[in-house]
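Here is the structure we will look at.
Residue numbers (the working numbering), protein chains in the order written: chain A, 4 to 903; chain W, 4 to 903.
Right, dumping it as structure tokens:
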């Protein structure tokens with residue numbers, strides 16, 4: 004939502020497009036690799052900046068040049084037209100590249116072929132389109148044959164180019180090309196591309212060209228310079244394709260200008276058995292182990308490795324196959340890791356025995372790897388603690404906090420297959436075979452997406468699934484990379500299984516087992532194991548490097564981290580994760596178990612004060628024992644208990660059968676329950692008779708709850724347990740409401756304390772969740788000893804979004820880019836945040852030592868935690884499993900602030 | 004709600020109560036009448052200040068002294084104890100009074116009797132308790148007999164005192180005294196008090212004293228000084244009795260310190276046939292006519308006149324009865340009116356032929372009288388225009404805008420009785436006989452409260468009734484005074500009818516007619532006529548003095564006044580009342596008539612875009628013709644049209660029968676309608692899929708509406724009608740929403756204009772009704788050419804109050820004083836107002852010439868209009884019948900501002 008002003012800015016600059024275009028004529032829009040350096044990431048993109056840096060370091064990089072990200076921005080401002088002056092600069096750099104490489108575009112002896120790749124300042128794997136072999140045409144292919152003597156390679160290169168360029172630049176569907184290649188294979192009765200001959204490819208090229216002509220009504224461009232211009236535009240265009248937008252949304256990537264375009268001379272991994280291509284990491288990206296890690300394929304082009312179509316070899320195999328190249332590669336990875344002081348993800352190509360590094364970047368990694376690498380690099384004195392902390396994205400920790408299969412259950416379980424441990428954690432769910440089915444079924448069930456391989460089209464389906472299982476693809480396949488990014492359990496390249504998406508079956512031939520849609524399955528993404536049925540999962544904990552990193556985070560953060568917990572069990576888990584108190588105990592959650600709901604309903608059905616008090620007296624012991632458990636679990640730490648909040652009708656049954664049962668049990672006519680339900684019915688319950696409005700109309704409810712809290716605290720104090728209750732009044736919008744409730748709370752609390760003759764530290768405060776409370780926080784702070792921002796409700800009221808009904812328009816809003824993010828997941832800093840900041844300032848002005856916290860679900864979301872740090876809250880409170888995330892996010896915020 | 008800080012202040016000062024008490028020891032707490040003047044109203048109350056002023060003017064005022072309003076405030080701060088030092092000052096003033104009057108408390112020859120009356124800075128008629136004849140006891144009564152030789156008078160005086168003091172000060176129920184007097188009357192077989200003898204009263208006194216003893220367990224106090232102290236405390240206590248609080252709430256009287264206490268030596272209107280008492284007005288308080296007006300009773304005490312028990316004589320009768328006194332009274336009223344430059348309401352007593360003025364004050368008056376008096380006093384050069392404008396309370400005009408009986412209907416109607424024209428206007432409703440029944444029945448029906456006479460206990464019942472009819476009491480009876488204050492139609496003293504509250508009958512003996520509960524009746528409060536059945540009422544208009552005053556108001560106001568109107572008929576009425584445009588046309592209201600709802604439902608039930616567009620095409624001509632009508636009616640003035648706002652489910656039928664009918668009509672299965680209804684169902688529709696969220700998910704709706712608006716405007720421009728549409732996007736919370744809708748509006752508007760080849764002035768703006776819109780108004784103003792504050796929804800979201808559900812807790816809030824007013828009636832300036840002010844500032848900062856208005860229902864509420872003036876809006880918009888009120892309120896705000 005922070006985009007309000009930005010949008011306007013963009014609009015303003017659109018008006019000035021002609022001016023911009025003129026202005027750019029004089030700017031440097033293209034950098035040759037030796038003109039850049041790694042600090043120019045914003046301008047050259049990550050890939051371009053690192054290619055330039057590597058060039059400077061003397062690493063063998065195929066030369067080329069980078070068109071800046073600013074040009075991409077201008078392209079969009081300019082209504083999708085490349086700015087004036089770009090062509091001339093590209094011409095000049097092409098000329099220089101031709102000179103450097105001693106090869107020329109379209110040359111009949113020494114033709115220059117280039118790759119064209121996107122590369123923004125942040126890494127967007129698999130999202131942006133890449134074109135290889137650009138520069139080839141009917142004549143060049145002959146030159147290539149002449150030069151290499153490898154006719155099959157030359158025709159293969161040409162057909163690959165037509166296929167890629169035709170798809171990405173000219174919009175001919177990928178599967179149309181696949182169809183053509185299949186036709187040839189069928190004709191030749193072969194199964195693999197590798198079995199096709201030069202003649203087959205030649206025939207295929209003719210068919211491809213005919214296909215392009217048919218679909219686009221244009222012939223395939225033969226002029227390399229035209230090819231290049233078209234490719235550059237296509238890269239810019241791909242910046243705003245749906246997948247790219249979706250990826251940026253999913254990964255919270257904002258504020259980028261656009262993508263740079265890297266034009267790099269081609270080297271070929273598919274020039275025969277002394278050629279190859281691979282992807283490698285300076286450390287293991289899955290575990291973080293400091294051991295060279297990677298995969299490669301001989302006689303292949305780069306896309307073959309990451310596309311997951313052939314299962315590649317481990318990088319260690321290369322040491323046997325070509326020890327010289329392997330040693331060179333190891334030296335380079337060491338040099339790059341030392342230079343960039345981070346784990347590197349490199350692409351390399353061996354062309355007829357000669358090693359080239361195509362790109363390097365800081366490698367993506369699992370949370371476990373991120374933590375281990377960060378901690379170990381500090382021990383290796385490569386980085387300092389602050390850097391280590393910033394190296395781990397708080398949200399990523401979620402993976403470490405994922406469930407694992409219960410070891411006991413696992414021991415007895417039926418292992419049906421084993422694939423690659425592509426993304427850690429465990430998942431249980433029902434099998435679905437397409438992303439669409441996943442989306443549909445995930446509404447009601449937990450699902451596991453099972454695919455031969457995944458593609459960017461599957462993104463949303465993957466996101467709603469518990470885990471992903473693929474039969475093809477390596478550790479760097481689409482499924483693996485994306486799943487790790489999402490922190491989702493994934494087993495990839497599981498060759499033991501055969502997936503038939505059409506028939507909706509998963510077959511394990513070795514076991515003579517066929518699983519169907521909606522059968523239960525369990526994945527272990529940390530081991531690659533696949534189990535039949537639904538296994539029990541267990542909760543994770545803090546230890547080893549994780550614990551160390553958390554300790555370091557605690558050294559820097561200033562925000563306290565509390566948890567939202569309603570039962571002792573959750574409080575215990577949270578304290579294990581480092582929670583420093585309870586920020587929100589929702590008392591109503593205690594009312595739903597067993598006999599409690601009966602007493603609660605009795606209270607609601609009471610027809611007078613006396614009956615109501617009688618029912619409340621039954622609830623008192625339950626509440627008291629609950630509070631005692633919570634306060635004991637959090638001994639020495641504050642426990643904020645919110646008084647009854649939801650509208651009473653939430654506690655009554657809705658279905659006829661349940662109503663009849665209740666009537667029988669309560670010995671009242673069913674009609675009476677229906678009447679009371681109808682009487683309690685509200686048009687907008689969110690804005691209705693709830694929160695402190697209940698305590699005001701039924702003061703006896705407040706009295707009972709406070710009595711339960713204070714008796715629990717008093718008894719604990721007698722038992723020498725340091726109980727610190729903080730009593731919180733919900734939904735206050737007017738100081739008078741808090742005054743009313745505070746008077747009751749104070750009276751009951753003091754009476755209870757007097758009765759027990761002990762000293763109990765307790766506080767009385769309020770939620771700030773109604774906009775008016777934020778607006779009048781100065782007045783409210785005269786009575787409240789603490790504020791807790793209930794940003795869920797505050798978001799509902801400030802934005803006018805009913806969380807229950809948002810589904811009808813939010814997807815449309817995100818799709819149309821009217822909202823950047825779901826405001827219930829990520830705090831709307833511009834709107835809701837403004838109210839929070841206002842309340843902080845007003846509250847502190849009246850009562851400088853007022854305690855300020857947040858207990859909405861934003862309390863565990865890193866960007867929102869950073870906001871809470873910035874506006875000066877004392878604590879955030881979040882669900883138990885997000886406590887470590889909040890601790891790290893708070894450390895990030897503190898470190899980033901001191902850096903400024 | 005503006006009380007937030009105040010409450011705290013009060014609390015703080017409560018803490019300091021001892022300090023206050025000490026502090027007061029030195030302050031002057033009591034003023035003798037010749038020590039004050041009219042400017043000391045705040046301190047002495049209206050009554051006290053005017054008694055002092057009259058004393059200064061040489062008017063014959065029975066002497067006495069006033070205890071200040073500050074003492075009342077101290078009394079409450081002091082936990083309902085009179086402050087230290089008061090007693091001594093009262094003693095001193097009693098001594099001075101005794102000396103002045105040559106009489107002493109408890110004296111056996113010349114005893115001093117006093118009245119004790121409340122009197123705050125604002126007039127609160129009928130609300131505060133008064134005690135007469137204080138100082139009388141068993142001995143004094145004998146002295147009185149000796150002194151006057153009138154035994155009956157003396158005992159009557161004593162029994163009246165016991166009755167009044169016993170009720171008001173000692174809490175013995177009034178009806179217990181009535182019961183005693185009835186017993187004596189029964190015994191004597193007489194009907195009226197006047198028929199009782201001295202001996203009867205003597206007996207009654209004994210019975211009264213026994214009654215007091217029985218109820219209070221205390222004997223009736225004999226010491227006059229003790230009586231006085233008790234009476235003073237009782238007056239202070241009555242300041243916060245329920246009736247007083249209710250009256251202040253009902254009349255928006257806030258910010259008073261408390262009541263003063265006036266202790267005044269008694270004069271007696273009941274000392275025989277040369278004595279009397281009356282109430283008079285320097286001009287007619289009902290019509291405003293400049294003619295001496297009043298009522299009196301001979302041989303009566305003051306309370307007899309206002310209590311309405313005996314029907315008094317017109318003041319003109321006095322000229323015949325006692326021309327000397329009459330002339331003196333006329334001279335005094337002339338002197339007082341000239342002196343106070345306002346119409347005076349005076350109480351007088353004639354004691355054995357000698358005239359005393361007991362009090363004077365600016366008289367309450369009907370709206371018609373207020374307008375006439377204000378305008379005529381300007382013509383008489385007594386006051387200036389500004390003063391005249393401020394003399395008429397804007398809300399009061401509501402009376403003039405009340406309906407009248409359709410003359411044609413009246414001609415044929417059955418007149419059943421005629422009473423006093425106590426409060427103007429007309430009312431139709433069902434008869435109810437008690438205030439409680441009125442409250443109950445008013446929930447579903449329009450009711451007329453019919454009573455023998457009313458009392459303060461009936462206040463709430465009177466408020467919910469359409470009109471009031473009493474069989475007893477004059478023009479200054481409780482019913483008449485209160486009804487005029489409420490602007491409610493009232494016929495009082497209708498002696499033709501007999502009311503039996505128990506049997507629930509209204510009998511007109513002359514007509515042999517008996518009406519029962521829930522029978523229809525029609526009142527004309529301007530003539531006093533009562534008709535059988537339900538007559539047609541007609542709407543009022545602007546003319547004569549009213550038109551003059553409105554013209555003067557327009558000279559001073561700077562706020563423009565628009566109206567909320569959805570149909571040409573309303574627009575026409577509003578323009579007649581001076582509306583300067585339409586501030587809100589709710590397009591959805593147009594969808595409910597006739598065939599339109601069919602097309603609307605077709606649109607909602609459409610299963611695809613094509614079907615939906617087809618249905619929308621059917622709606623287009625309806626919308627276009629509606630807009631044409633509105634724009635034509637408002638030719639030359641701006642017309643703000645809001646795009647579709649409510650959730651779609653509001654347009655679908657809810658009842659099974661209606662669903663079946665619709666299904667048949669639409670030729671779809673009923674199940675499909677039910678399914679769509681269920682799909683559209685929302686948990687919190689207020690915060691759901693409505694407003695611009697509809698136009699965003701279904702852009703074709705926006706397209707159709709804009710097309711209809713612009714075609715209407717274009718066609719009118721072609722016909723030389725100056726159409727000025729302003730297109731308003733509802734429920735915007737984010738600039739991106741407005742951008743989205745504005746693009747569609749702009750496109751369709753420009754296309755339509757191009758098609759018609761005309762020039763149309765149109766604007767595009769937005770509602771500010773979501774808190775986030777106010778918070779980000781700077782961004783929104785980059786796109787919006789105008790803001791219209793939708794304070795209904797803004798109040799709902801800012802306070803978290805669902806207007807539909809507030810009934811469950813608002814009454815409790817008002818009762819417990821947690822809210823001063825219903826925030827949907829009176830703008831919450833502290834909370835909602837803060838957002839409005841913020842949006843005004845932010846909006847103007849971005850776009851200095853942005854047009855700002857309000858279209859919530861607060862637009863016609865005077866205090867809210869004053870707020871709108873203060874924060875600098877350009878216009879307010881209200882319902883047609885409130886346009887004159889808003890015009891006057893705007894003039895008030897402007898004049899009051901320049902006065903500061």
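Note that beta-carbon positions come from the ideal geometry of N, C-alpha and C, so glycine has one too.
- Message: What does the alpha-carbon distance come out to for the pair residue 900 of chain A and residue 779 of chain W?
- Response: C-alpha separation (whole angstroms): 26 Å.
- Task: Spell out whether any CB of chain A is found under 8 Å from the CB atom of residue 834 of chain W.
- Result: Yes - at least one Cβ of chain A is within 8 Å of the one on residue 834 of chain W.
- Query: Which of the three DSSP states, helix, strand or coil, is assigned to residue 717 of chain W?
  - Reply: helix
- Message: I want to verify the contact list: residues of chain A whose CB lies under 7 Å from the CB of residue 147 of chain W, in sequence order.
- Response: Per Cβ cutoff of 7 Å: no residues; residue 147 of chain W is ~51 Å from chain A at best.
- On a CA-only basis, which of A:602, A:610, A:124 and A:627 is nearest residue 619 of chain A? Give me that one, please. A:602
- Query: What are the start and end residues of the beta strand (DSSP E) that includes residue 729 of chain A?
  - Reply: 727 to 732
- Message: Quick check on residue 197 of chain A: buried or exposed, where buried means 16 or more other Cβ atoms within 10 Å of its Cβ?
- Response: The residue is exposed, with fewer than 16 neighbouring Cβ atoms inside 10 Å.
- With C-beta atoms as the reference, is residue 283 of chain A less than 8 Å away from residue 358 of chain A? no
- Please confirm if the region 816 to 828 of chain A is in contact with the region 749 to 759 of chain A, defined as three or more CB-CB distances below 8 Å between the two stretches. no
- Task: Measure the CB-CB distance between residue 808 of chain W and residue 691 of chain A and report whether it falls below 8 Å.
- Result: Yes, these two residues count as a Cβ contact at 8 Å.
- Query: Considering only residues of the region 403 to 486 of chain W, which uninterrupted alpha helix (DSSP H) runs meet the minimum length of 4 residues and lie entirely inside it, listed in chain order?
  - Reply: 410 to 415, 438 to 444 and 462 to 467
- Along the chain, which unbroken stretches of the beta strand (DSSP E) at least 3 residues long are found entirely within the region 125 to 166 of chain W? Taken in chain order, the complete beta strand (DSSP E) segments of 3 or more residues contained in the region 125 to 166 of chain W are 133 to 137.
- When the cut-off is 8 Å and only beta carbons count, does residue 653 of chain W lie next to chain A? no
- Against chain A: residues of the region 726 to 757 of chain W by CB proximity under 7 Å: Answer in chain order: 734, 736, 737, 738, 739, 740, 742 and 743.
- Is any beta-carbon of chain W found at less than 8 Å from that of residue 83 of chain A? no
- Best match in W:270, W:209, W:206 and W:77 for proximity to residue 119 of chain W [C-alpha to C-alpha]: W:270
- What are the start and end residues of the beta strand (DSSP E) that includes residue 771 of chain W? 766 to 771
- Segment contact flag, the region 429 to 437 of chain A with the region 526 to 534 of chain A, C-beta cutoff 8 Å, min 3 pairs: yes
- C-beta neighbour in chain A for residue 824 of chain W, strict 8 Å: no
- Message: Just checking: is the beta-carbon of residue 891 of chain A within a distance shorter than 8 Å of some beta-carbon in chain W?
- Response: no
- Task: Residues of the region 690 to 706 of chain A with a CB closer than 7 Å to any CB of chain W: list them in chain order, please.
- Result: 690, 691, 692, 696, 699 and 700
- Using the beta-carbon of each residue, which ones in chain A are nearer than 8 Å to residue 80 of chain W? Going along chain A, no residue has its Cβ under 8 Å from residue 80 of chain W, so there is no contact; the nearest lies around 17 Å.
- Message: Per the DSSP calculation, residue 744 of chain W is bridged to which residue(s)?
- Response: Note: residue 744 of chain W sits in no beta bridge, so no partner.
- Provide the residue(s) that pair with residue 553 of chain W in DSSP beta bridges, ordered along the chain. DSSP output for residue 553 of chain W lists no bridge partner at all.
- How is residue 547 of chain W classed by DSSP in three states: helix, strand or coil? helix
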